[in-house]
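Here the structure is laid out as C-alpha cells; the discussion comes afterwards.
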Amino acid sequence: MATPRLARPPTCLDCLRRLARPTATPSLAFPSLTLTQTRGVKTTKAEEEDLQGIPVRLLRDIQGFGRKHAIIRVRPGRMRNYWFPKSFAEYMTRLRFRELGLTEAAVGVRDRTFGVKLQLGDDGDGSAVLAEDGPPGATKKSKKDVLTLPPEETLVLLQTLLPPTLTFARKPISTPPPAPTPSSAPSPPRSPSLAAHAATFVDPASIPTEPFEPAPVAIFGSVSAADVLAAVKERLLAADPSQGGRVALEADGVVILGLDAGEDRVKRLGTFEVLISAGRDLEPVRRLLAVVAEE
C-alpha cells in the first residue's frame, strides 16, 4: 500500500510530534522526522572585544596579540596612549590600506595564544595551563610561572636596562622668602666723637659662620615605592618588549633611602637612593632617585 500523501504540511506542533513518533502499523508509517533545536552560537566577552576597536598593523611581535605585520583591531586608548607613541603599531587608515594594496577584509582577529602554548591539565576540571616546549613527560608549569621571569633573569634585566638615575618631575610648593634678621639691618650712623671712643673694629670675615643649608622644598604629591615600581616596569618594557613585561616585581621589594623618620615616600625635591630587589636571596640593585621641579 502506498504511503498516503499529505495535502499540506502540518503546522500544529502536536501533529509534528505524532509524525516523528514511530508507529507499529506499517500502513500508517510516515517518514521519520528529526526535530532538532538550533540555538545561536554564543560568543565570549573576549571574542566580542577582539571584533571591536580600530584596525592597526603591528610593527613588532607582541605576545598575546600577534606577529609583526598582522592587522587586528584594538581599543583606541591602547593605540593612542601606548602602542603608537612607542612605535609598536601603526594606524590602518583607508589611505594606508590603498598604499599596501589591501582591503578591510585583511583585518584579522587578535591571537591571544601567540607566544604561549596551551595544554589541557590532567586535574579533571578541564582547565588549561601554559606549558613550555620540552620532552614528553616534562613538568607542566602554571600560567603565572611561564609568563614571569625567574628572579635571576629579572636581576640581569634590572642591571642592564635600568638607567643609573630615575627622574620624577613634581610641582614645588612656593614658600615666601624669609624675613631679614635684626643683625642684618643697617646700623644707624654715629658721630665722629662716638666713633673715636668705639670698641676696636672686628672684621666680619674673621667671625666663623656655619655653612648655609637651604630649606627643603616641598612638592605637590609625592613619590612612593609604587611610583618607582611603575616607572621601572615601564622602562624595562620599553627597552625589551618581549621580556620586560614578564618581570615579577613587588612594591615591597622597593626601598627608598634618605627619608625622614616616619616617612615612607618622598615629599620634597632632592636626590635619594633606592634599592630594587628581584628576590629574597639576591643582592638589590642600587639606583638614584631624583625628584626635580616640574617645568
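Numbering (this note's numbering), first residue to last: 130 to 424. Glycine included, C-beta positions come from ideal geometry on N, C-alpha and C. Computed from a prediction, not measured in an experiment: that's the story for all the values here.
Does residue i come out as helix, strand or coil in the three-state DSSP assignment?
i	result
Leu180	coil
Thr90	One cannot answer for residue 90 here, as it falls past the ends of the chain, which runs 130 to 424.
Arg227	helix
Pro301	strand
Gly195	strand
Leu286	helix
Arg409	coil
Val346	coil
Cys141	coil
Val357	helix
Leu162	Residue placement at Leu162 is poorly supported in this model, since its pLDDT is 48, which falls under 50; the coordinates still yield a value, given next. DSSP places Leu162 in coil when its eight states are reduced to three.
Leu148	helix
Pro463	With the chain covering only 130 through 424, there is no way to say anything about residue 463.
Arg209	helix
Gly253	Caution applies to Gly253, whose pLDDT of 49 falls short of 50 and renders its modelled position unreliable; the model cannot decide the point.
Name the DSSP bridge partner or partners of residue i?
i	result
Leu187	Ala218
Pro392	Pro is not the amino acid found at residue 392; the sequence shown has Glu there. None; Glu392 has no bridge partner.
Arg202	Pro184
Leu417	Thr294, Glu402
Val352	Val395
Ala422	Arg299
Look at the Cβ atom of residue i, then the Cβ atom of residue j, and state whether they are nearer than 8 Å.
i	j	result
Val376	Thr283	yes
Pro345	Gly387	no
Leu286	Arg416	no
Ile348	Pro301	yes
Arg146	Gly193	no
Leu418	Val361	no
Val420	Val395	yes
Ala354	Ala390	no
Ile191	Phe217	yes
Excluding the five sequence neighbours on either side, which residues of its own chain have a C-beta within less than 6 Å of the C-beta of residue i, listed in chain order?
i	result
Arg202	Gly182, Pro184
Phe159	Low per-residue confidence applies at Phe159: pLDDT is 47, beneath 50, and the placement is therefore not dependable enough to give any value.
Val238	Asp179
Asp274	In this prediction, Asp274 has a pLDDT of 49, which is less than 50 and means its spatial position is unreliable; nothing more can be read from the coordinates.
Ala153	Unreliable positioning characterises Ala153 in this predicted model, as indicated by a pLDDT of 47, which lies under 50. The coordinate reading is nonetheless provided below. Nothing listed; no residue qualifies.
Gly244	Gln192
Quick one: does residue i have its CB under 8 Å from some CB of chain C?
i	result
Gln181	The question asks about chain C, but that chain is absent: this structure has only one protein chain.
Using only the heavy atoms of the ligand HEM, determine whether one of them is closer than 7 Å to the beta carbon of residue i.
i	result
Asp240	In the structure on display, the ligand HEM does not appear, and there are no ligands present to speak of.
Just to confirm my understanding: we take residue i, look at its own chain, exclude 5 residues before and 5 after, and list those with CB closer than 7 Å. What are they?
i	result
Pro280	Ala407, Gly408, Leu411
Ala235	Ile200
Glu423	Ala298, Arg299, Lys300
Going along the chain, which residues of its own chain have a beta-carbon closer than 8 Å to the beta-carbon of residue i, five neighbours each way excluded?
i	result
Thr277	Arg375, Val376, Ala377
Ala367	Lys215, Gly373
Segments assigned beta strand (DSSP E), at least 3 residues, entirely inside the region 360-407: Complete beta strand (DSSP E) runs here, min 3: 383-386, 395-397, 399-405.
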